[in-house]
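Worksheet: the structure to be examined is printed underneath.
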Ligand code: FA5
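Numbering (my numbering), first residue to last: 3 to 348.
In structure tokens, the structure reads:
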């Protein structure tokens, strides 16, 4: 094959290849291989000197012609590919403004919080204001001032979380707030009080379907002249009526707390099983929702009141159990289990 033939073949092949190229990467590669400084056409041109002198002029002329033709073709193809790529990227990057927006996941209140707010509202209607007491308590206020001096056996009713600081514990109930409220609001035992004290309580207890190691209580305290047990029963019955509906039944069972005398526990008939018996009501048909009683004279005195003049009632209820009743929740462990499938239902 003569050099001229090789040149013509190269021209045909390179032109055909160029027409097939579809990407700018392949195009750059083609340019380097064919018309670049070390490209095939350039190399052939450099070999002109090896031809017999009479052929050199014709070959050189044709080679330069072909190089110019290929360069032009290259420039055209480059422009076409640039336009194609631009069109493709505009197509792919297109934003469809008619698509609906992504849904924002809405947070909501924890069922315990919802119940607490309901409880606050009912007590507010009945004239009780909220008093916030502390979660970290002293042994003295949690027990001592509530008529349970050190080593009193009744302390065993509350399995306590102790801290490394001697005498400092996590409150086992909201009752120590009674002492704080009386001392702060009572003005040395001269003013009546009507408060509720909501908050988290902590007990080192066996966790079961109805008992957790942390749970809310809502304490209530009313101090005045001539407050009697019938006021306590009437007030709690009215609360239950507003909270659960008029058809719910309530029972007061005699009980014992060192800080009340007399003392009682309050049960409602179990909504979950309709009184037939289930694991939440311990197969009794009744669910205990509160402890209560008339404030013990020792506690009144510790709060700054003269028990011969002043009297009062107190109660402590468990809103988690109230929520379980309202929604038919069969296990208290769902409350702090952080399972979204549970929480999303409220
Ligand atoms: C008390 O804690 C007394 N301080 C209540 C009281 C207040 C009596 C004022 C008299 C005067 P008790 O341990 O029974 O009592 O708890 C009261 C309520 O808290 C129970 O009825 C129950 O609803 C709730 N509760 C108690 N332990 C747990 C627990 N482990 N998990 C969930 N709720 C609980």
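In this text, a Cβ means the ideal position worked out from N, Cα and C, and glycines have one as well.
Being a predicted model, the structure only gives us computed values, none of them experimental.
Quick one: does the C-beta of residue i sit closer than 7 Å to a heavy atom of the ligand FA5?
i: residue 376; result: Not covered by the structure: residue 376. The range shown for the chain is 3 to 348.
i: residue 207; result: yes
i: residue 173; result: no
i: residue 313; result: no
i: residue 323; result: yes
i: residue 262; result: yes
i: residue 221; result: yes
i: residue 183; result: no
i: residue 295; result: yes
i: residue 214; result: yes
i: residue 211; result: no
i: residue 224; result: no
i: residue 290; result: yes
i: residue 130; result: no
i: residue 242; result: no
Please say whether residue j and residue i have beta carbons closer to each other than 8 Å?
i: residue 148; j: residue 260; result: yes
i: residue 113; j: residue 325; result: yes
i: residue 45; j: residue 9; result: no
i: residue 211; j: residue 98; result: no
i: residue 124; j: residue 245; result: yes
i: residue 176; j: residue 318; result: yes
i: residue 306; j: residue 185; result: yes
i: residue 6; j: residue 37; result: no
i: residue 220; j: residue 131; result: no
i: residue 201; j: residue 137; result: yes
i: residue 337; j: residue 214; result: yes
i: residue 145; j: residue 157; result: yes
i: residue 32; j: residue 42; result: no
What number of angstroms, rounded off, separates the C-alpha of residue i from the C-alpha of residue j?
i: residue 309; j: residue 303; result: 6 Å
i: residue 228; j: residue 239; result: 19 Å
i: residue 68; j: residue 13; result: 7 Å
i: residue 172; j: residue 104; result: 44 Å
i: residue 153; j: residue 161; result: 14 Å
i: residue 122; j: residue 178; result: 19 Å
i: residue 216; j: residue 206; result: 9 Å
i: residue 168; j: residue 248; result: 48 Å
i: residue 289; j: residue 328; result: 12 Å
i: residue 140; j: residue 204; result: 14 Å
i: residue 256; j: residue 264; result: 8 Å
i: residue 234; j: residue 254; result: 11 Å
i: residue 199; j: residue 155; result: 26 Å
i: residue 55; j: residue 61; result: 10 Å
Residue i by DSSP, collapsed to three states: which one?
i: residue 333; result: coil
i: residue 286; result: coil
i: residue 233; result: helix
i: residue 184; result: helix
i: residue 26; result: helix
i: residue 309; result: coil
i: residue 128; result: coil
i: residue 172; result: strand
i: residue 163; result: coil
i: residue 152; result: coil
i: residue 145; result: coil
i: residue 7; result: helix
i: residue 111; result: coil
Assuming the contact rule is C-beta atoms closer than 8 Å, residue i and residue j should be a hit. Round their C-beta distance to whole Å, please.
i: residue 242; j: residue 250; result: 6 Å
i: residue 294; j: residue 268; result: 6 Å
i: residue 17; j: residue 75; result: 6 Å
i: residue 218; j: residue 321; result: 5 Å
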